[in-house]
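The opening position of the sequence shown corresponds to residue 845 in this note's numbering, with each subsequent residue numbered one higher.
To keep things clear, I will list the structure first and then write my remarks on it.
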Amino acid sequence: MIMVPIRGATRSPSRPDAPRRAARLGLHLAVAATLVVLVVAALCLGEPRLGPAAVLDALRDPAHPQHVAVTEARLPRAVLGVLAGLGLAVAGLLMQDALHNQVAGPELLGVSSGAAVVTAAVVVLALPVPLAALPYLALVGALVAGVLVLLAIGGSTRDPDQVVLVGAAVSAACAGLVVAIVGLGTEGNVVVLFRYLLGSLAARGWDHVEVVLPWVVVGVAVAVLLRRRVGALALGDVAATGLGVPVVRTRLTALTVAAALAAAVASVCGPVAYVALLAPHVARRLLGSTSTARVLGLSGLVGAVLLVAADLGSRLVLYPVELPVGVATTLVGVPALVWTLARSRDAR
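In structure tokens, the structure reads:
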């Protein structure tokens, strides 16, 4: 007789949750479908403009006149946009929840600025480095900057504000180095560097995808494993400790993963602004939840949608002139982020 009410009690909470789960699944599928549509549009639009059937023919037939354009230019660019947007969004979510700071982003760890310093030095000073090796060198610079931030705080992350301040200082120092290096450049190579510093997916191929892919796969996998612990951090350090979460170790791990994800993206695409900041807020708004475990997957999808859409817009708005994708994300991201934060404040 005791077991009957216990069974009923365990089942009853699942009944009202079923519609919510279905709604969340439907929302994920809708955003994923939007991403697929954008990728197809990225493959079709451009010069020349192709229909979906022509794109399929070009993908399958090496003899097709547009085979190289589709498979070696448009497709890797779209795939890179998906991976970069996914990685940045997950990095942003980890930082915002681990530091319980709504405006935290990978830029605060200095990784984008670190990549920019290395790229500026190679391009402006005409160092004898193969072009194919440049993303890997930029990745090293980004990781070094992130490590400097973690070393500067002594490996302790008990004070989230200290992490933000040290990261801002390292970013400012790297930005100063970039300006100093650019001052040494000539007109020709500064133009190339300028496009990188604004963030760009142009002229990217499968070799760039190969740089980013393993970092995003591993980083997202670790983020999935950390999602509940990071979600506890978002409640505050006292609450997280009460739930048995090792606060310092979890925050340090989350920041390291965020730095690695952002470093991989910055090494190839440059400092693409606002995707990492905005995507988690959009995902929370769509889901009506602040749970890290629930928001993580949708945040990654939203980040991919934002970056692919921004890249597509930067290609088409002023065609044949192409804007750096970082300009598009900034123009859209700044007002959208201000609006999102204002709505969040009003909700409180």
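All C-beta atoms, glycine included, are put in the ideal place defined by N, C-alpha and C.
Because the structure is a prediction, the values reported are computed rather than measured.
Helix, strand or coil for residue i? Go by DSSP, reduced to three states.
i       : result
Val1089 : coil
Ser957  : helix
Thr963  : helix
Arg1233 : Outside the modelled stretch of the chain, which goes from 845 to 1192, sits residue 1233, for which no answer is possible.
Thr854  : Bear in mind that a pLDDT of 42 at Thr854, under 50, signals an unreliable position, so the number given afterwards is only what the model happens to contain. In this structure, Thr854 counts as helix in the three-state DSSP scheme.
Thr1134 : coil
Asp1155 : helix
Trp1003 : The residue asked about is misnamed: residue 1003 is Asp in this sequence, not Trp. DSSP places Asp1003 in coil when its eight states are reduced to three.
Pro1115 : coil
Arg1048 : coil
Gly1165 : Note on residue identity: the sequence assigns Val, not Gly, to residue 1165. In the structure shown, Val1165 sits in coil (DSSP, three-state: anything other than H, G, I, E or B).
His944  : coil
Ala970  : coil
Gly870  : helix
Leu1042 : coil
Gly1027 : coil
Gly1080 : coil
Gly949  : coil
Ala862  : helix
Could you tell me the alpha carbon to alpha carbon distance between residue i and residue j, rounded to whole angstroms?
i       : j       : result
Pro896  : Ala917  : 16 Å
Gly890  : Leu1121 : 29 Å
Asp905  : Leu995  : 52 Å
Asp1104 : Leu1070 : A small fix is needed here, since residue 1104 is Ala in this sequence, not Asp. So the two alpha carbons sit approximately 15 Å from each other.
Val1008 : Ala989  : 14 Å
Thr854  : Gln946  : Caution is warranted here: a pLDDT of 42 is assigned to Thr854, below 50, making its placement in the model unreliable, and the coordinate value is therefore given only provisionally. Spanning the two alpha carbons is a distance of roughly 35 Å.
Ser1015 : Val1064 : 24 Å
Val968  : Leu1041 : 13 Å
Ala886  : Ala922  : 7 Å
Trp1059 : Ala1108 : 7 Å
Gly1020 : Leu894  : 44 Å
Leu1140 : Val1035 : 37 Å
Ala1196 : Val1023 : This structure does not reach residue 1196, given that the chain is present from 845 up to 1192, and the question cannot be answered.
Leu1131 : Leu932  : 19 Å
Leu1074 : Gly1088 : Correcting the residue type first, residue 1074 is Val in the shown sequence and not Leu. Roughly 12 Å separates the two Cα atoms.
Pro920  : Gly1086 : 46 Å
His1125 : Pro1004 : 19 Å
Thr1097 : His1052 : 26 Å
Ser1135 : Leu992  : 30 Å
Ala913  : Asp1155 : 17 Å
Met939  : His908  : 46 Å
Ser1143 : Gly1157 : 21 Å
Ala970  : Val1165 : 27 Å
Ala862  : Arg868  : 10 Å
Gly958  : Leu879  : 30 Å
Val1062 : Ala935  : 12 Å
Tyr980  : Val1161 : 32 Å
Val1091 : Val1026 : 41 Å
Ser1174 : Gly1011 : Reading off the sequence shown, one finds Thr at residue 1174, where the question assumed Ser. For Thr1174 and Gly1011, the distance between alpha carbons rounds to 21 Å.
Thr963  : Leu983  : 10 Å
Ala965  : Ala1186 : 40 Å
Arg865  : Ala877  : 18 Å
Assign residue i to buried or exposed, taking buried as 16 or more other Cβ atoms, counted over all protein chains shown, within 10 Å of its Cβ.
i       : result
Leu892  : The sequence as given places Pro at residue 892; Leu does not occur at that position. Exposed.
Asp941  : buried
Tyr1163 : exposed
Trp1183 : exposed
Leu1028 : exposed
Gly870  : exposed
Gly952  : The sequence shown places Leu at residue 952, not Gly. Buried.
Ala874  : exposed
Pro1168 : buried
Val1119 : buried
Val1152 : buried
Arg1095 : buried
Leu1077 : buried
Arg817  : Past the edges of the chain, shown from 845 to 1192, lies residue 817, and the structure says nothing about it.
Ala1127 : buried
Gly1114 : buried
Val1055 : buried
Ser856  : The predicted model places Ser856 with a pLDDT of 43, which falls under 50 and marks its position as unreliable; any figure quoted below should be read in that light. So Ser856 ends up on the exposed side.
Val1082 : exposed
Ala1148 : buried
Ala928  : buried
Chain B beta carbons: is any one of them nearer than 8 Å to that of residue i?
i      : result
Gly890 : Of the protein chains in this structure there is only one, and it is not chain B.
Does any heavy atom of the ligand FMN sit closer than 7 Å to the C-beta of residue i?
i      : result
Ala897 : Inclusion of the ligand FMN in the displayed structure is not the case, the ligand content being empty and no account of it being possible.
query: Taking only runs of the alpha helix (DSSP H) that begin and end inside the stretch 881-937, which ones reach a length of at least 4 residues, in chain order?
result: 896-904
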